[in-house]
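Reviewing the structure listed below.
Residue numbers (the working numbering), protein chains in the order written: chain X, 1 to 292; chain W, 293 to 620.
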C-alpha cells in the first residue's frame, strides 16, 4: 500500500473514532436522569460510607477509670497504628481515594451494558454494516468509559475535598495527572474486558449477573475500602494479585501520601494486568462482532 | 460489470440451510425484488450481500468487490436499511443521520450538509430535532432509509422496507423508492407483499426454502400462469380429496392449497360451468376465482400461499423490535 493510502486510511479511522466516541459522550450527557444518578452515586457513597465509619471518633472515646496519662498513651498508640494502616487518621480520606478505583470498576461495567442494548435495538447492525473498523468500534466504547471515569472522578475528588479530604502536603500537578493515569490504565483493562463480554451476550441480565459476580469480590478483596494489612492472611493473598489493590494504593500514594513499597513495581503490575485484559477484551469483541 | 452479482451464495446454520446456492445478477439502475414468505432466506441473503453474515459457500460481488474478501470496500458502496429498526431512539433524527454520515468519513461540515439533504429528501427535516422515540412508524422507516443514503451509495439494500406499515405509508414509501431508481441507484429489496414486488420491480426472484425458484419481470412470471385459478373450499375438510378426484375426473389440472382445492382454468370462461358441475354434489364454504398475479405464480411454484407458509423461528423480542414503533 502506498504511504498516502495508509495515511488517509489512518485519518479515516481516527475520524470515525472521534465520531463514535462523541456519540458515547453525547448519549451520556443527553440522558439527564442517568447522568444525574451516575454523578450523585459516588457523592453519596463517599459522604455516607466515608463519614459514618469514623475512626477518629472511635479513638476519642472517653476512657473512664483509666489514668489520664495512660489513656492518652493508649490513644496515641492506637492513632499511630491507624495511621500506619490507613495512611491517615481519617477513614473518610482513605475511602474517598479508594472509591476512585471502585467507581472506575463500576463505570466500566455500566459502559458495557450499552453494547448489549445496541445489539438489541438493532443499532449494532447498522454500525457493523458501515465501513467503521471493528477495532475502532471497540475502542470507542472503551474511550467513552474513560471519559465518564474522568468526569466522575474529578467530581468525586472535588466533593471529597469539600467534605474534608486531606491531600498530602506539597501535592503537585504531576501527582494529579499520574493519579488520573492510574484510573485510565485500570479503566482501559476493565472496560475492555466488560465490553468484550458484552459483545458476546444477548441479554443485559446476563451481564449484570456476571458483573455482580466479578465486581463485589473484586472490590472487597482489594485495599480500596479496607487496608490489606488488617485482612486475614488468605484474603491478603487475593488482595495481592487484585489489580484494584495496586490502583487504590497508587492513588493514595499520589494523593494523600500513604507510602507504598515500590511505586514503580505497582505501576508495572497494573499496566501488565490492564494490557492483558485489554487484549482479552479485544479478542472477545472481535468474536462477538463477527456476525449479527 | 453488473453492480450486484451473487454466485452460489449458501448459508448453513448448524443443520439448517437458510440459503441454498443463490445466484443472481442485478443491472445498474435496476430494482430487483426477492419475494417469498418469512423463512425463505431473503434476509439471510441480504445479510450476506451486505457483509453482515459470512457465506458458508459461494461469493457475491458488489461493484466488483467480493463480500468475502473485500468486505470493507463493499460496506463503503452499499446502503442498507435492515428489516429491524436500527436508529437509536434516544437520540434525535438529526443526530442519527449526522453520526451515520460521520461513520462514512464525511467531515463534520459535509456530514451536516448531507444530513440535511437526505432528511429533506425523506421529508423528515421538519422533525429532525425530535427524539426518534416520538416518530410514527412511517417516519421511522423513512429515517432508516435516510440513514442508508447519507454516503450516496450506488447499491441500496432494503429488507422488508414496508413491513408493518399501513397502506397509505406504504404507498408513500414506494414513491421514494421509485425516486431512488430514477436517480440511477441499483436496488435490491425483499418483500412478502406481492403488490409491492409487482409495483416496484423490474425483475422479481421468487424465493422458497433458500432457493430462487423462479426469476423474471413481473409480466414474465405472471405469464407462467395460464388463465385463471379457482379456489374451492369444501365445508367439510374431509371432502377435500373427493372434490379433487371429481375435478380430476373431468380432466382438470388440480392441486391442494391448504384447506382449498385449486383448479387451473382457461381464461375464456368456458371452464367455469364445467367446474361448477363437477363440484355440485358437495357442500361448499367458498369458491373464489383469481386472475394471474404473482401470488398465483408463487402458489404454482411452491404449493403454498405466501401468508400460509411456515414461520421461521423468530424470537419474540426480535419480532417486537421489528414492529416496535411501526404499529402505534
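Glycine included, C-beta positions come from ideal geometry on N, C-alpha and C. Predicted model, so just to flag it, every value in this text is computed and none were measured.
Residue 137 of chain X places its beta carbon 8 Å or farther from that of residue 380 of chain W. Here residue 552 of chain W carries a strand assignment [DSSP, helix/strand/coil]. If you draw a straight line from the Cα of residue 290 of chain X to the Cα of residue 471 of chain W, it is about 34 Å long.
Going by C-alpha positions, residue 190 of chain X is about 16 Å away from residue 152 of chain X.
Residue 504 of chain W: member of the beta strand (DSSP E) spanning 503 to 508, first to last residue.
When the beta-carbon positions are compared, residue 335 of chain W and residue 482 of chain W come within less than 8 Å of each other.
For residue 355 of chain W, the closest alpha carbon among the candidates W/516, W/348, W/369 is that of W/369. If you look at residue 482 of chain W, you'll find it in the beta strand (DSSP E) that goes 478 to 483. Put simply, of W/550, W/528, W/555 the residue whose alpha carbon is nearest the alpha carbon of residue 541 of chain W is W/555. Under the Cβ distance rule, residue 345 of chain W counts among the residues neighbouring chain X, one pair being separated by less than 8 Å.
Annotation: the continuous beta strand (DSSP E) that includes residue 580 of chain W extends over 576 to 582. Taking a beta-carbon distance threshold of 8 Å, residue 121 of chain X counts as an interface residue toward chain W.
Looking at the DSSP output, residue 219 of chain X bridges to nothing.
Residue 374 of chain W reaches chain X at 122, 125, 126, 129, counting residues in chain order whose Cβ is nearer than 8 Å. Using a Cβ distance threshold of 8 Å, residue 479 of chain W and residue 448 of chain W count as a contacting pair.
With its beta carbon at least 8 Å from every one in chain X, residue 357 of chain W lies outside the interface.
By the Cβ rule, the stretch 346 to 354 of chain W does not count as touching the stretch 490 to 497 of chain W, because fewer than three pairs are nearer than 8 Å.
DSSP, reduced to helix, strand and coil, places residue 419 of chain W within a helical segment of the structure shown. Not a single CB atom of chain W sits nearer than 8 Å to the CB of residue 14 of chain X. For residue 407 of chain W, the enclosing alpha helix (DSSP H) covers residues 400 to 413.
When C-alpha distances from residue 465 of chain W are compared across W/393, W/473, W/430, the shortest belongs to W/430. At least 8 Å separates the beta-carbon of residue 128 of chain X from that of residue 229 of chain X. Interface residue (Cβ-Cβ distance to chain X less than 8 Å): residue 439 of chain W is classified as such. The Cβ atoms of residue 139 of chain X and residue 17 of chain X sit closer than 8 Å to each other. Within the stretch 171 to 240 of chain X, the complete alpha helix (DSSP H) segments at least 4 residues long are 173 to 198, 204 to 220, listed from N- to C-terminus. Under the 8 Å Cβ criterion, the stretch 236 to 252 of chain X counts as touching the stretch 99 to 110 of chain X, having at least three qualifying pairs. In the DSSP assignment, residue 254 of chain X falls outside any beta strand (DSSP E) and within the unbroken alpha helix (DSSP H) covering 243 to 255. Per the DSSP secondary-structure output, residue 495 of chain W pairs in a beta bridge with W/324. Bridge partners of residue 547 of chain W according to DSSP: W/554. Cβ contact annotation for residue 570 of chain W (same chain, cutoff 7 Å, sequence separation greater than five): 538, 539, 542, in chain order.
Unbroken alpha helix (DSSP H) stretches of 4 residues or longer found wholly inside the stretch 318 to 394 of chain W: 334 to 341, 363 to 369, given in chain order. If you check the CB distance, residue 451 of chain W and residue 373 of chain W come in under 8 Å. Within chain X, the C-beta atoms nearer than 7 Å to that of residue 342 of chain W come from 129, in chain order. It is roughly 21 Å from the alpha-carbon of residue 398 of chain W to the alpha-carbon of residue 3 of chain X. With a cut-off of 8 Å on Cβ pairs, the stretch 107 to 115 of chain X is in contact with the stretch 198 to 212 of chain X, counting three or more such pairs. Among the residues facing chain W, residue 132 of chain X is included, as its CB has a counterpart in that chain under 8 Å away.
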